[in-house]
Amino acid sequence: MLNALKPQPADKILELVQLYRDDPRDTKVDLGVGVYKNADGVTPVMRAVKAAEKQLWETETTKTYVNLVGDPAFSDAMRQLILADSAPANRIASAATPGGTGAVRQAFELFRMASPEGRIFVSGPTWPNHLTIIKYLGIEMVEYRYFDNATRAVDFDGMAEDLKGAKAGDLVLLHGCCHNPTGANLTQDQWKTVGDILLETGATPMIDIAYQGFGDGLEADAFGTRHIASRVPELMIAASCSKNFGVYRERTGCLMVMSETAEATKTTQGTLAYLNRQNYSFPPDHGARLVTMILNDPALRADWEAELEEVRTGMLGLREQLASELRQRTNSDRFDFIAHHRGMFSRIGATQEQVLTMRHDNAIYMVGDSRMNIAGLNAKTVPLLAEAIVAAGV
Ligand code: LMR
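Take the sequence shown: its position 310, counted from the start at 1, is 301 in our numbering, and no numbers get skipped.
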């Protein structure tokens, strides 16, 4: 029976992790998978996470099941972190999920149940895993214009025009902040226009927010999500704690769904529990518990916010440094977009061939679409990358 299986295509991002590991050169630079690394190339356990784990080890008395949708305290803490008071709590159904990807998967499944004929509008480009999950679930997909390869900024006129083609029963997938893979983001005014278009078309938005705190700060990064929540009747939010809490392997995330009425929310909440039960039963608890402890304890929270801010400003510094190195080497400002992009990633607009040249000649590993993880750099490797970008003729 198993002989009938066909090989599946490898995930391009995860494949790169292995290629990097296998490269013996000690000058190699990993700008691939979206994992934060400090200047020493280490992905640290955040201080507040360590402290919460210690507390938990001392106080936890049972490992029995929690709840099909996770601990309600986690849902509450995440709702406040992301939505603040932009939406009434009694219209938000929520379920803990295995990471942000688990939330994305559950959201698409919920969408398919609610709107079997509906289409999902995705940005061109988007995180590749969005595309493969949508395809896997057999949902029709429509790409809207997003990244302008010439300016390396958002093609907002194109985006607005394409989003007007959505209709009630369709889902419009947006990145809450720190767009992956491009690093190009909407301005506050553009978020407002997107809100207008959603109301005009009646399409339902879904916001994937996996990097809150990595762009312009925890509050600023939630602007778009809160604005949309305050305007539209229905919304789905897939949130990840992998990056901003650094709890990648704990698989910590949640799906929040805003329904039109408190009554409808009860059915949505029941459906989220049903979907969890069908797919994996109880969601992982350890990471969610740590996140809840951190968000609800003023001292832990202050320390977490301070460390997150160090991470964010560190990445901004690297962006500035790289843009400046490239300004000097090219005698132009054409790479200044790197300093304007936000989050962990920038798509630098190199061809696949140029990406491979940098990999071959300089042991620089970025994803084939020329997405680089800015956190993979440090003050010493920035000039090496700038040199390689110029040498490859980008
Ligand atoms: C990424 O885009 O690199 C991260 O979100 C990690 C992943 O799972 O792909």
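Positions of the beta carbon are idealized from the N, C-alpha and C atoms, including for glycine.
Cross-strand partners of residue i (DSSP beta bridge)
| i | result |
| --- | --- |
| Glu134 | Val113 |
| Asn364 | Phe336 |
| Ile355 | Val20 |
| Asp139 | Ala144 |
CB contact flag (residue i, residue j, <8 angstroms)
| i | j | result |
| --- | --- | --- |
| Leu291 | Ala42 | yes |
| Gly115 | Cys169 | no |
| Arg143 | Ala175 | yes |
| Met363 | Ser323 | no |
| Ile130 | Arg96 | no |
| Met357 | Val346 | yes |
| Leu10 | Val24 | no |
| Ala78 | Ala220 | yes |
| Gly61 | Ala80 | no |
| Gly305 | Lys3 | no |
| Val223 | Leu263 | no |
| Cys232 | Thr216 | no |
| Asp139 | Val133 | no |
| Ala141 | Asn171 | no |
| Phe214 | Leu164 | no |
| Val20 | Ala354 | yes |
| Met284 | Gln71 | no |
| Arg320 | Val381 | yes |
| Ala341 | Ile329 | no |
| Ile404 | Leu154 | A question about residue 404 goes unanswered here, because the residues of the chain that appear run from -8 up to 385. |
| Leu307 | Leu368 | no |
| Met349 | Ala379 | yes |
Among the options, the one whose alpha carbon lies nearest that of residue i
| i | options | result |
| --- | --- | --- |
| Asp288 | Ala39, Val33, Gly186 and Leu5 | Ala39 |
| Lys158 | Ala98, Thr195 and Asp31 | Thr195 |
| Met69 | Ala297, Gly156, Leu246 and Asn140 | Leu246 |
| Asp17 | Glu6, Gly32 and Val133 | Gly32 |
| Gly193 | Thr178, Tyr239 and Glu225 | Glu225 |
| Ala293 | Phe236, Pro274 and Arg280 | Phe236 |
| Thr252 | Lys45, Val163 and Arg82 | Arg82 |
| Lys54 | Thr348, Pro275 and Gln312 | Pro275 |
| Leu122 | Ala141, Phe99, Glu108 and Asn267 | Phe99 |
| Trp295 | Val36, Pro15, Ala1 and Lys(-3) | Val36 |
| Ser106 | Leu162, Arg12 and Glu378 | Leu162 |
| Thr92 | Leu128, Ala151 and Ala230 | Ala230 |
| Arg110 | Thr117, Ile125, Asn120 and Trp118 | Ile125 |
| Ile73 | Ile228, Gly186 and Gly160 | Ile228 |
| Asp352 | Ala383, His331 and Lys371 | Ala383 |
| Glu108 | Gly160, Pro119, Gly156 and Lys234 | Gly160 |
| Tyr271 | Ala64, Gly90 and Thr34 | Gly90 |
| Phe147 | Leu177, Gly156 and Tyr127 | Leu177 |
Three-state secondary structure assigned by DSSP to residue i
| i | result |
| --- | --- |
| Thr55 | coil |
| Ala159 | coil |
| Arg82 | helix |
| Leu(-4) | coil |
| Asp31 | coil |
| Ala87 | strand |
| Met349 | helix |
| Val145 | strand |
| Asp13 | helix |
| Glu100 | helix |
| Trp48 | helix |
| Gly69 | Per the sequence shown, residue 69 should be read as Met rather than Gly. Residue state, collapsed to three classes: helix. |
| Ala377 | helix |
| Ala1 | coil |
| Leu74 | helix |
| Asn120 | helix |
| Ala43 | helix |
| Asp62 | coil |
Give, in chain order, every unbroken run of the alpha helix (DSSP H) that is at least 4 residues long and sits entirely within the stretch 271 to 347. The stretch 271 to 347 contains these whole alpha helix (DSSP H) runs: 277 to 287, 289 to 321 and 328 to 331.
Please specify which runs of the alpha helix (DSSP H), each continuous and at least 4 residues long, are wholly inside the stretch 150 to 210, giving them in chain order. 179 to 192
Entirely within the stretch 215 to 260 and at least 3 residues each: give me those beta strand (DSSP E) ranges in chain order. Runs of the beta strand (DSSP E) inside the stretch 215 to 260: 226 to 231 and 244 to 249.
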